[in-house]
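Residue numbers (the working numbering), protein chains in the order written: chain A, 222 to 401; chain B, 85 to 405.
Yeah, the Cβ is synthetic: ideal placement off N, Cα and C, and Gly gets one too.
Okay, so here's the structure we're looking at.
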Amino acid sequence: MQQTPLSRPRKALHLRVNGHDREVYVRDADTLLDVLREAVGLTGTKRGCDLGTCGCCAVQIDGRPVLSCLTLAAEAQDAEITTVEGLAGPERFTPLQQAWAEAGASQCGFCTAGFLMTADALLREHPAPSREQIKAAVSGNLCRCTGFIKIVDAIARSAAAQHALRSPCATAAPAPTQCA
Amino acid sequence: MRLPDFTLHQPRTLAQAFAVTRDGPFDWLGGGTDLLCNYKWRINVRANVISLRRVPELRQGLLGAGRTLSEVEHDPVLRARYPAIAQAASMIATPLIRQSATLGGNLLLDTRCWHFNQTAEWRFAHGSCLKAEADVCRVLPDPGNLCVAAYSGDLAPVLLAYDARVVLAGPSASRSLPLREFYAADGIRRFRDKKPDEVLVRAELPADAEHWTVRYQKLRLRQAFDFPEGGVAAAVRWDHGWAADIRLATTAYDSIPLLHEDLVAPHRGSSLDDEAIEQIAQALEETVRPMKNTSMSPSYRKKMARVLCRRALQDCRPQGV
Ligand SMILES: Cc1cc2nc3c(=O)[nH]c(=O)nc-3n(C[C@H](O)[C@H](O)[C@H](O)COP(=O)(O)OP(=O)(O)OC[C@H]3O[C@@H](n4cnc5c(N)ncnc54)[C@H](O)[C@@H]3O)c2cc1C
Ligand code: FES
Ligand code: FES
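Dropping the structure here:
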């Protein structure tokens, strides 16, 4: 078990992050974002607005995408926390990350982790979402660079690729790249 | 932005929660999507925060205070029988926020104002206001000691249109009261007689709720993120083509969500034709008095009250009328 104290240690807190048990020392008032970045050392999750208005800090708690800037770390104990680092190993991409790269859905990349965590949860619940469903699902994530179209393309592309893998050319996939 | 220090309590029952209230000044915490933003801005911070997340009593029932807005939005029973509630929930904030935000926190949402929802630095540079650290109102020269911060919750007008009740539990007793008697027209006091140690347990719909057609219209700049700049819920109980009963409720136009009984009373029993709808909509525009304390101009918000009202009432009419 890894022990990583914050600068102002208070209480020991047990968190399960990306399948690993972590014991951290935090204030009651530390947010999950504070703790993930500064105590656990996972800086993939980004601090944008810190007020719920950008989505950069999205992580998954028990598979649900939530804002870590508005979640107290202590409220996430006993839960399964997944950050962008937990989506895939350092050596390989998930199909969603692959589609992100291929569609050019990252420019500066600051928003990417939040989008990926939101989109990953969407695709688990709706493996073949429509573009409207994709837009609605990521409507709490802001990107200052891409103009969003490539982000929606990437999610649709990933859904289509996974659909094709599951049932090669059996039925038309709803996303833009359909089986010929 | 670090949150200021406080002690977090995580009771597992209501009884445990009430026991902690004796530890000193406290705030209840639902999803935290309103309270923690205010705390980050050093607004009215208390030494104790009591999380209600683990209290099972609040998750019971269709409209349990601890249910998340995401659960409310996707609930198949609500969608089928009371679609306006699911629809209004789906229009709140963003999908990410709705994963944590609760129904209870939404009904008890703090009132909002340009001069209040600001960083501590901003407030101190500006001189702060009645609702925070100062004793002046920055919106009206003489509001008569009443705070005019806007109540901006989206569920309250819809639940008012259904004539819902709220169930409160306190250390010694529980009680139920009509939602229409819950709020006070003062952005600071906010509630008529809710005691600080009372918890909202759930909302309840009246037995005839399913016989009402309810629709909600929300004014906002962006389809996500934005609080309502105006919100109108309309409800009609149809009886063989006649609007046997009508209710109209607003949010974001005042420091309280309001039911406008007098505006609809003359049209009860009518066919609610275009002319009747226009009369109600015009009367609403004349009634609402938005203040200069949100992003959109008061005159635009006032004009839009008529549009929102017209749309909501038209949507209540049976298809094809
Ligand atoms: C970017 C952004 C956009 C938003 N947009 C909207 C919007 O469009 N419409 C809207 O209505 N809201 C909006 N909100 C505000 C907020 O997210 C919602 O109103 C939400 O439903 C609040 O619920 P919560 O559980 O997070 O409340 P909390 O922050 O936990 O609590 C809010 C208040 O209610 C009290 N409280 C909570 N639960 C109880 C209970 N059971 N009993 C007694 N007191 C209780 C708390 O003490 C606190 O005073 C937005 C917030 C953000 C950050
Ligand atoms: S950092 Fe959490 S929403 Fe912006
Ligand atoms: S890629 Fe720069 S903010 Fe989205």
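With a threshold of 16 other CB atoms inside 10 Å of the CB of residue i, please say whether the residue is buried or exposed.
i	result
Ala393/A	With a pLDDT of 46 at Ala393/A, under the threshold of 50, the modelled position of that residue is not reliable, and no figure is offered here.
Gly148/B	buried
Gly273/A	buried
Thr304/A	buried
Ala349/B	exposed
Arg229/A	The predicted model places Arg229/A with a pLDDT of 49, which falls under 50 and marks its position as unreliable, so this point remains unresolved.
Cys329/A	exposed
Ile134/B	buried
His199/B	buried
His384/A	buried
His351/B	buried
Gln298/A	exposed
Val161/B	exposed
Arg249/B	buried
Ser154/B	buried
Gly228/B	exposed
Ser339/B	buried
Gln307/B	exposed
Arg276/B	exposed
Pro350/A	buried
Ala99/B	exposed
Leu386/A	exposed
Gln403/B	exposed
Asp341/A	buried
Trp206/B	exposed
Quick one: does the C-beta of residue i sit closer than 6 Å to a heavy atom of ligand 3?
i	result
Cys366/A	yes
Ser256/B	no
Ser360/A	no
Phe369/A	no
Cys332/A	yes
Do residue i and ligand 1 come close, with the Cβ less than 6 Å from some heavy atom?
i	result
Phe76/B	Nothing in the structure corresponds to residue 76/B, since chain B is present only between 85 and 405.
Ile176/B	yes
Ala149/B	yes
Asn190/B	yes
Arg365/B	The displayed chain sequence assigns Ala, not Arg, to residue 365/B. Result no, Cβ not under 6 Å from ligand 1.
Leu206/B	The residue asked about is misnamed: residue 206/B is Trp in this sequence, not Leu. Answer for Trp206/B: no, Cβ out of range of ligand 1.
Gln125/B	The question names Gln, but residue 125/B is Trp in the sequence shown. Flag unset: Cβ of Trp125/B not near ligand 1.
Ile169/B	no
Leu193/B	yes
Quick one: measure Cβ to Cβ for residue i and residue j, integer angstroms, because I've assumed they're closer than 8 Å.
i	j	result
Leu230/B	Ala269/B	7 Å
Leu239/B	Asn190/B	5 Å
Gly315/B	Leu305/B	That pair is no contact at about 14 Å.
Leu253/A	Ser289/A	4 Å
Val251/B	Arg274/B	Rounded, the Cβ-Cβ distance is 18 Å, inconsistent with contact.
Ala396/B	Ala328/B	Contact flag wrong, Cβ pair sits at about 18 Å.
Arg137/B	Glu296/A	6 Å
Thr186/B	Gly145/B	Incorrect: roughly 13 Å between the Cβ atoms, too far for contact.
Leu332/B	His344/B	5 Å
Gly291/A	Gly116/B	The identity of residue 291/A in the sequence shown is Leu, whereas the question assumes Gly. About 6 Å separates the two Cβ atoms, so the contact holds.
Ala324/A	Ala375/A	4 Å
His361/A	Ile181/B	According to the sequence displayed, residue 361/A carries Gly and not His. The pair is a contact, with the Cβ atoms about 6 Å apart (cut-off 8 Å).
Leu87/B	Ala250/A	4 Å
Please determine whether the Cβ atom of residue i lies at a distance below 6 Å from any heavy atom of ligand 2.
i	result
Gly265/A	no
Cys277/A	yes
Cys329/A	no
Arg313/A	no
Gly115/B	no
Leu243/B	no
Asp271/A	yes
Arg268/A	yes
Leu288/A	yes
Subject >> Contacting positions in the stretch 278 to 290 of chain A - beta carbon closer than 8 Å to chain B >> reply: Ala279, Arg285, Pro286, Val287, Leu288
**OP:** Mind checking the stretch 290 to 306 of chain A against chain D and listing, in chain order, the residues whose C-beta falls within less than 8 Å of any C-beta there?
**Re:** This model lacks chain D altogether, as its protein chains are A and B.
**OP:** Return the chain-ordered ranges of every beta strand (DSSP E) run that is complete within the stretch 176 to 201 of chain B and spans a minimum of 3 residues.
**Re:** none
**OP:** With a floor of 4 residues, list each alpha helix (DSSP H) that falls wholly inside the stretch 312 to 375 of chain A, ordered by position along the chain.
**Re:** 316 to 324, 333 to 346, 352 to 358
**OP:** Any chance you could list the beta strand (DSSP E) runs of at least 3 consecutive residues sitting entirely within the stretch 90 to 164 of chain B, in chain order?
**Re:** 91 to 93, 110 to 113, 132 to 135
Subject >> Residues of the stretch 113 to 124 of chain B whose Cβ lies closer than 7 Å to any Cβ of chain A, in chain order >> reply: Gly116, Thr117, Leu120, Cys121, Lys124
Original post:
Given a limit of 7 Å on CB to CB distance, which residues of the stretch 258 to 279 of chain A reach chain B?
Top reply: Asp271, Leu272, Gly273, Thr274, Gly276, Ala279
Subject >> Whole alpha helix (DSSP H) elements within the stretch 284 to 336 of chain B, 4-residue minimum >> reply: none
Original post:
Between the stretch 168 to 188 of chain B and chain A, which residues of the former have a C-beta closer than 8 Å to a C-beta of the latter?
Top reply: Ala177, Thr178, Pro179, Leu180, Ile181, Gln183, Ser184
**OP:** Run through the stretch 250 to 290 of chain A for me and flag every whole beta strand (DSSP E) of 3 or more residues, listed as ranges in chain order.
**Re:** 279 to 282, 285 to 288
Subject >> Interfacial residues, the stretch 357 to 387 of chain A to chain B, with Cβ spacing under 9 Å >> reply: Ala357, Ala358, Val359, Ser360, Gly361, Asn362, Leu363
Original post:
Using a beta-carbon distance cut-off of less than 9 Å, what residues from the stretch 241 to 259 of chain A approach chain B?
Top reply: Arg248, Asp249, Ala250, Asp251, Thr252, Asp255
**OP:** Give the residues from the stretch 310 to 322 of chain A that approach chain B closer than 9 Å (Cβ to any Cβ), ordered along the chain.
**Re:** none
Original post:
Taking the runs of the alpha helix (DSSP H) that are 4 residues or longer, which of them lie wholly in the stretch 195 to 239 of chain B?
Top reply: 204 to 210
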